[in-house]
Amino acid sequence: MQFLQKEKRHYLTDEFIGTEQGCGIFIPANKALYRFVQENPSHTDHAQVASKALIIGRSLAASVERRTKDEEDGYEGSTGGFYSRLAESICSSDVGLEASLLPVGERLAGSVCTAVDKVHSRLCEAISAVTNKDASSFASKYLHFHYPTLFPMVDSRAREALKWIADEEGLVFAPTTAGMSKNYATYVDFYIRVRSLFEEELGREISLRQMDNILLNRYDNWV
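Counting from 1039, one number per residue, gives the positions in the sequence shown under the working numbering.
Take a look at the structure:
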């Protein structure tokens, strides 16, 4: 009996996979962000937290800053005022405590996902206490630069690319609900399932950053 060989995924190219620091012209910028966070790792130092939130949010188009008055909390003020409030909320939360329990440097899989989801949830709560908005995307990106082997970055483009892959592979993925902070666990679960498919074809492991490279390159190149 002759079996049909599954067609290779045409987008799993070296160009799309990239490196641990991203791919293309933004590799130097990503390197700078990783280095900045490594040099300022605290979750309880107000200045470090405020600076990281500002730089990561604006660099990755995921800023949580609000500059207009909110009818409910009356917030209106400068950039410095907003990030001071945000840093205070994060520093006084359980983010630092929960993050200290993370298996830093380990591969995202199995029971590790539970700890990852918990830290992401705590950070979202701290941010939403200031912004009154869902902060899943920003939180995932903020945490990724602290723990690049543990936190996939949630991005609308990556979610759409995952939806394409789900359709191609006969899998089920809900791209809209997965964008909410309470569903980060759902996003991560599907994300690592897809990573396993890619690794099986490539015959090697790929990092979370390389997974993000693949997803974003698929979306940006519409392939």
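Don't be surprised by glycine CBs; every beta carbon is placed ideally from N, CA and C.
Strictly by DSSP, which residues pair up with residue i?
| i | result |
| --- | --- |
| Thr-1057 | Gly-1060 |
Looking at C-alpha atoms only, which residue of the options is the closest neighbour of residue i?
| i | options | result |
| --- | --- | --- |
| Leu-1188 | Ile-1165, Ser-1130, Val-1157 and Glu-1045 | Val-1157 |
| Ser-1149 | Leu-1181, Gln-1076, Leu-1254 and Ala-1223 | Ala-1223 |
| Thr-1169 | Val-1142, Glu-1237 and Ile-1128 | Ile-1128 |
| Asp-1193 | Val-1226, Ile-1165, Arg-1233 and Glu-1206 | Val-1226 |
| Ala-1164 | Ala-1153, Val-1087 and Pro-1190 | Val-1087 |
| Ala-1100 | Ser-1175, His-1184 and Asp-1132 | Ser-1175 |
| Ala-1091 | Cys-1162, Leu-1135 and Arg-1242 | Cys-1162 |
| Val-1142 | Glu-1126, Pro-1186, Ser-1131 and Leu-1135 | Pro-1186 |
| Ala-1167 | Ala-1153, Glu-1126, Arg-1145 and Leu-1135 | Glu-1126 |
| Gly-1020 | Arg-1242, Ser-1138 and His-1084 | The structure shown does not extend to residue 1020, since the chain is modelled only from 1039 through 1261, so no value can be given for it. |
| Val-1232 | Met-1249, Gly-1241 and Arg-1073 | Met-1249 |
Following a CB-centred definition, is residue i positioned closer than 7 Å to any heavy atom of the ligand SAM?
| i | result |
| --- | --- |
| Ala-1099 | Among the components modelled here there is no ligand, and therefore nothing to report on the ligand SAM. |
Mind checking residue i: buried by the 16 CB within 10 Å criterion, or exposed?
| i | result |
| --- | --- |
| Gly-1295 | Residue 1295 lies beyond the residue range present for the chain, which begins at 1039 and ends at 1261; the question has no answer from this structure. |
| Val-1102 | buried |
| Gly-1056 | buried |
| Ser-1116 | exposed |
| Asp-1205 | exposed |
| Gly-1060 | buried |
For residue i and residue j, which I take to be in contact (beta-carbon distance under 8 Å), what is that distance rounded to the nearest angstrom?
| i | j | result |
| --- | --- | --- |
| Phe-1211 | Phe-1183 | Not quite, the Cβ-Cβ distance comes to about 25 Å (not below 8 Å), so this is no contact. |
- Task: Spell out a yes or no on whether the region 1252 to 1261 and the region 1044 to 1053 are touching, meaning 3 or more CB-CB pairs, one atom from each, closer than 8 Å.
- Result: yes
- Message: Below 8 Å, how does it come out for the region 1194 to 1207 and the region 1241 to 1257: are there three or more Cβ pairs, yes or no?
- Response: Output reads yes: the region 1241 to 1257 touches the region 1194 to 1207.
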